[in-house]
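Colleague: Residue numbers (the working numbering), protein chains in the order written: chain B, 1 to 225; chain R, 1 to 225; chain L, 1 to 240; chain E, 1 to 240.
This is the structure I have questions about; it appears just below.
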Amino acid sequence: MISKLHDSVDEALADIRDGATVMIGGFGQAGQPVELIDGLIRHGATDLTIVNNNAGNGEVGLALLIKSGFVRKIICSFPRQSDSQIFDARYRAGLIELEVVPQGNLAERIRAAGAGIGSFFSPTGFGTLLAEGKETRTIDGKNYVLESPIHADFSLIKAHQSDPMGNLVYRKTARNFGPIMATAAKTTIVQVTDVVDLGALDPENIITPGIYVNRIVQISQEACA
Amino acid sequence: MISKLHDSVDEALADIRDGATVMIGGFGQAGQPVELIDGLIRHGATDLTIVNNNAGNGEVGLALLIKSGFVRKIICSFPRQSDSQIFDARYRAGLIELEVVPQGNLAERIRAAGAGIGSFFSPTGFGTLLAEGKETRTIDGKNYVLESPIHADFSLIKAHQSDPMGNLVYRKTARNFGPIMATAAKTTIVQVTDVVDLGALDPENIITPGIYVNRIVQISQEACA
Amino acid sequence: MSTAHTDAADRTNPRRIDHTLTRAEMAQRVAADIPSGSVVNLGIGIPTSVSNYLTAEQDVILHTENGMLGMGPEAHGEEIDNDLINAGKIPVTELPGASYFHHADSFAMMRGGHLDIAVLGAFQVSAAGDLANWHTGAADAIPAVGGAMDLAVGAKNVFVMMELTTKKGESKLVDHLTYPVTGLACVTRVYTEVAVFDISKTTGVTVTAIFGDTTIDSLITLTGLPLVDGTTTTPTTGIS
Amino acid sequence: MSTAHTDAADRTNPRRIDHTLTRAEMAQRVAADIPSGSVVNLGIGIPTSVSNYLTAEQDVILHTENGMLGMGPEAHGEEIDNDLINAGKIPVTELPGASYFHHADSFAMMRGGHLDIAVLGAFQVSAAGDLANWHTGAADAIPAVGGAMDLAVGAKNVFVMMELTTKKGESKLVDHLTYPVTGLACVTRVYTEVAVFDISKTTGVTVTAIFGDTTIDSLITLTGLPLVDGTTTTPTTGIS
Chain B
1 MISKLHDSVD EALADIRDGA TVMIGGFGQA GQPVELIDGL IRHGATDLTI
51 VNNNAGNGEV GLALLIKSGF VRKIICSFPR QSDSQIFDAR YRAGLIELEV
101 VPQGNLAERI RAAGAGIGSF FSPTGFGTLL AEGKETRTID GKNYVLESPI
151 HADFSLIKAH QSDPMGNLVY RKTARNFGPI MATAAKTTIV QVTDVVDLGA
201 LDPENIITPG IYVNRIVQIS QEACA
Chain R
1 MISKLHDSVD EALADIRDGA TVMIGGFGQA GQPVELIDGL IRHGATDLTI
51 VNNNAGNGEV GLALLIKSGF VRKIICSFPR QSDSQIFDAR YRAGLIELEV
101 VPQGNLAERI RAAGAGIGSF FSPTGFGTLL AEGKETRTID GKNYVLESPI
151 HADFSLIKAH QSDPMGNLVY RKTARNFGPI MATAAKTTIV QVTDVVDLGA
201 LDPENIITPG IYVNRIVQIS QEACA
Chain L
1 MSTAHTDAAD RTNPRRIDHT LTRAEMAQRV AADIPSGSVV NLGIGIPTSV
51 SNYLTAEQDV ILHTENGMLG MGPEAHGEEI DNDLINAGKI PVTELPGASY
101 FHHADSFAMM RGGHLDIAVL GAFQVSAAGD LANWHTGAAD AIPAVGGAMD
151 LAVGAKNVFV MMELTTKKGE SKLVDHLTYP VTGLACVTRV YTEVAVFDIS
201 KTTGVTVTAI FGDTTIDSLI TLTGLPLVDG TTTTPTTGIS
Chain E
1 MSTAHTDAAD RTNPRRIDHT LTRAEMAQRV AADIPSGSVV NLGIGIPTSV
51 SNYLTAEQDV ILHTENGMLG MGPEAHGEEI DNDLINAGKI PVTELPGASY
101 FHHADSFAMM RGGHLDIAVL GAFQVSAAGD LANWHTGAAD AIPAVGGAMD
151 LAVGAKNVFV MMELTTKKGE SKLVDHLTYP VTGLACVTRV YTEVAVFDIS
201 KTTGVTVTAI FGDTTIDSLI TLTGLPLVDG TTTTPTTGIS
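See below:
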């Protein structure tokens, strides 16, 4: 059987090139692929477009990636937070481009990319600053904004368990963006806590089918803590 | 706790009025809510629009509903089969209206209704008879057809297990249209094989959250066989 | 029930209370107004405190947009699980009957009209029910929206909790928004420390409860809006 | 490898075989051409038989659009479970690593370009790769499409298996379709009993294998198409 397991984060990320669009899963700490983000910083690809719900917190992870100057543009729903000082400073200095997307449109645009939808009319954001310049339409008396899919070259996500084919299950609200980001990238790289034998996951309960996963790196629970 | 359990099929279907749009789950026998369909025939509401993958087989179930003259229009992907003689005859006699929709567009249009999407551009069907009269658009060099959501008044589906809140799990390929039809109707009525206690279903494995389910009727395995 | 009560000290009439409401009392009032069996999303901040006053008998199901239905109270001590957080990124618990789903499914649930009520904070609400709660409009502000716009258009009813006036004493219930809009014609009810307002396309803005020494006339003067006095008529739920 | 073989009896060259293929041989050839690890959907009818010739070493993952990946062989006897069927509504089995999903997810998988190969039957295929396989166009025919149009536009590669000629002897590989179209410019390869054709936007139609006493010239005459002879050059996989 073909195994998608890789021995190291660095090996799994080796072909991410300058200028790539990279989706990063997680909402807060839940589902955040911490080790893959750290690996991306070590890897050093520049001019990246990052898709994430936020724009980094504190001085680690995504914030450190931004601080390192590797991020040209960020697409997210909620950049401004109490501890988003690194993003804030670079944004105010004109050193990083920002596309703010309502969280549900962000999720649906990622899903649309994975689902082969050309574009879709969403009610969210109609009449707001975030719809400026976008096509609008009234359908059955309700107003909508045309939204486009967001495709990525790579998705970096975290899951709870994987089998060698890349079938994934998640834990609680750590599921968040993982399943949709896995579908929207040319190459999906997942860090998991456990790797289980083929057949150990109940086919009824698999959230991300393995065909959406290209590479798996196991990060033990201890390393995550 | 509020329980959505109903004692009988007839009681659960009582308020389906003439002219209603009714989605019926199932692909072949798998996931087909046989007892709910039989109940709909007894109920006798007329002038129905039915949404199903097919247009009935043999002389039972959906075919019998059509034979009874209760169906004004059917929206489906594959009406013509070796044993679809009842539909075929009524269609040729001009007694039933037919909207043929590619199966994936059918699924996505049902999903769009439940997800509050106004309409979406699908690549499926571009340049074909089934896209005639529909708006088209070229996006990033690829051709798409604009497709609209399909909403329903009622969805009749079958699941494997339910808790009293209507959280559902399905069995194997019997899942098919159930989860999306549950989201697209004002009222979703589900027949289940087993009713389990609240908390007995693992929250990670629930496929249809209970907020999409209005009424539950238990049909024991024996009755189904 | 239809007799007018003008005595502000009439404690038997919950629509006229002799003191302005504390935040806790506002939250308590919102909680009491949520119909049994509702599916509800409580916004980050003050709205979150509404959960403290929901009773078990109400059977309210809480949705958190990061991917869960059946959210329980905030987690403490050993209950804390970093994989189980709410939209404010605070550790929470799981109630029997809970379920998890991914972000697209979660916002589809919202956008598709499957939530009965969203309770949100606001900078401003207009007489037409337009909501401003995502952006101060300040030149140097970094825009951040999260799920605010999705909740505004998605929930069947949007309840706002806010102080009625700014620190400068200006009404936050206005004829037209001066802050950037979050969603148009979406707010159906506004809870403040001095009054509760229902907003309807057909009947405009109705004061349904009034607290302290506030009067309808003082609210009309403050807001500059043609308010309907609904404190003396039989209340309806106003929930769709 | 680049030496021309014109001897139709040269059994060492799989691109020139001295007899026309049976359906089983066609299925066997399709199976052999599927790259290891591919995700494949086999259409209803003859394409289904391709699964009989896939080897375990190929690690091909079969998708069935009614909601499953990791489909195993047809079920027999006690294996039969009415909840586990393929798109042809035939009971099948489940392999280790299988997963189930609903119809919208299943067709999103297809439409989103996540299937490597779909193997389909056809009434006609055009030189541009247009496919006709859903509707005879007969005046009294009841249209029925199922997943055919979704598979046509969704899979990265569409392989067609068909007899090259109709019962009347007309070519089914044509310059322009006369049957109603299923999908435009989607077919990348056509397997027939007399030849295999690759279709490319840049190089047109290339004959990559030829069987029996068929010749390139006879195929050009039959189809009326300017075919490229690819039976004498190094083959490429032609799989994207």
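Yeah, the Cβ is synthetic: ideal placement off N, Cα and C, and Gly gets one too.
1. Beta-carbon of L/I220 versus every beta-carbon of chain R: anything under 8 Å?
2. Buried or exposed, going by whether 16 or more other CB atoms sit within 10 Å of the CB of R/R92?
3. Nearest by alpha-carbon distance to B/V190: which of B/I219, B/L201, B/H43, B/E59 is it?
4. Determine which residues of the stretch 105–122 of chain R have a Cβ less than 8 Å from any Cβ of chain B, and write them out in chain order.
5. Just by C-beta distance, which residues in the stretch 50–63 of chain L are closer than 7 Å to chain C?
6. Could you pull out every unbroken alpha helix (DSSP H) segment of at least 4 residues lying fully inside the stretch 25–68 of chain B, listed in chain order?
7. Comparing alpha-carbon positions, which option in L/P96, L/Y100, L/I210 lies nearest L/H19?
8. Is DSSP giving E/Q58 helix, strand or coil here?
9. Between B/L201 and the rest of its own chain, which residues show a CB-CB distance below 8 Å, the 5 nearest in sequence each way excluded?
10. Per DSSP, which residues does R/C76 bridge with? Please list them.
11. So for L/H5, helix, strand or coil by DSSP?
12. Taking the beta strand (DSSP E) that B/E132 falls in, what are its first and last residues?
13. What number of angstroms, rounded off, separates the C-alpha of E/S171 from the C-alpha of E/L222?
14. Opposite R/D194 in the DSSP bridges: which residues?
15. Using a Cβ-Cβ cutoff of less than 7 Å, which residues in the same chain neighbour E/G113 once the five nearest sequence positions on both sides are dropped?
16. Residues of chain B with CB closer than 8 Å to the CB of R/V169, please, in chain order.
17. For L/V50, report the span of its alpha helix (DSSP H) as first-last.
18. For my contact list, B/G104 and L/D130 are in at a C-beta cut-off of 8 Å; report their separation, rounded to the angstrom.
19. Less than 8 Å between the beta carbons of E/M68 and R/T173, yes or no?
20. Anything in chain L within Cβ reach of R/P79, meaning under 9 Å, just list it in chain order.
21. Note down, in chain order, every chain R residue with its Cβ under 8 Å from the Cβ of B/K142.
22. Tell me which same chain residues have a C-beta within less than 6 Å of the C-beta of B/R111, skipping the five on either side of it?
23. Looking only at its own chain, which residues have a Cβ that is under 6 Å from the Cβ of E/T48, when we skip the five neighbours before and after it?
24. Bridge partners of B/L168, per DSSP?
25. Pop quiz: E/A118 and E/V92 are said to be a contact at Cβ under 8 Å. What is the actual Cβ separation, rounded to whole angstroms?
26. Which same chain residues end up closer than 6 Å to E/S99 when comparing Cβ atoms and leaving out the 5 residues on each side of it in sequence?
27. Tell me the DSSP secondary structure of E/Y179 in three-state form.
28. Please list the partners that B/I229 has in chain R, where partner means a Cβ-to-Cβ separation under 7 Å.
29. Is the number of C-beta pairs between the stretch 183–194 of chain L and the stretch 131–149 of chain L that are closer than 8 Å three or more?
30. Measure from the alpha carbon of E/T206 to the alpha carbon of each residue in E/A138, E/T64, E/G212, E/A195, then state which is nearest.
31. In chain order, what residues of the same chain lie with their CB nearer than 6 Å to the CB of L/Y179, ignoring the 5 residues before and after it?
32. Listed from N- to C-terminal order along the chain, which residues in the stretch 174–202 of chain B have their beta-carbon within a distance smaller than 8 Å of any beta-carbon of chain L?
33. Quick check on the DSSP output: the beta strand (DSSP E) that includes L/V190 runs from which residue to which?
34. Between the stretch 82–97 of chain B and the stretch 62–71 of chain B, are three or more C-beta pairs nearer than 8 Å?
35. Quick check on E/A195: does DSSP put it in helix, strand or coil?
36. In terms of residues, what are the limits of the beta strand (DSSP E) holding B/S8?
Modeller: To lay it out plainly:
1. no
2. exposed
3. B/I219
4. Cβ contacts with chain B come from E108, A112, A115, G116, I117, G118, S119, F120, F121, S122.
5. The structure shown has no chain C; the protein chains it does contain are B, R, L and E.
6. 34–43, 62–67
7. Of the listed residues, the one whose Cα sits closest to L/H19 is L/I210.
8. helix
9. Q161, D163, N167, V169
10. R/V100
11. Note on L/H5: pLDDT 42, under 50, position unreliable in the model; the coordinate value appears next. Of the three classes helix, strand and coil, the one that applies to L/H5 here is coil, per DSSP.
12. Run containing B/E132: none; DSSP gives neither H nor E here.
13. 6 Å
14. R/Q161
15. Only G154, K156 meet the Cβ criterion.
16. Correct list: E204.
17. No alpha helix (DSSP H) contains L/V50, which DSSP labels as neither H nor E.
18. In this structure B/G104 is not in contact with L/D130, their Cβ atoms being roughly 19 Å apart against a cut-off of 8 Å.
19. yes
20. Per Cβ cutoff of 9 Å: no residues; R/P79 is ~28 Å from chain L at best.
21. G118
22. I180
23. L42
24. Paired residue(s): B/S162, B/T208.
25. Contact doesn't hold; Cβ gap of about 17 Å is too wide.
26. L69
27. Of the three classes helix, strand and coil, the one that applies to E/Y179 here is coil, per DSSP.
28. Residue coverage of chain B in this structure runs from 1 to 225, which leaves residue 229 of chain B outside it and unanswerable.
29. yes
30. For the options E/A138, E/T64, E/G212, E/A195, the alpha carbon positioned closest to that of E/T206 is the one of E/A195.
31. F123, Q124, A132, G137
32. For the stretch 174–202 of chain B, the beta-carbon criterion of a distance under 8 Å to any beta-carbon of chain L is satisfied by A174, R175, N176, F177, G178, P179, I180.
33. 187–191
34. Pairwise C-beta distances place the stretch 82–97 of chain B in contact with the stretch 62–71 of chain B, as three or more of them are shorter than 8 Å.
35. strand
36. First-last for B/S8: undefined, no H or E at that position.
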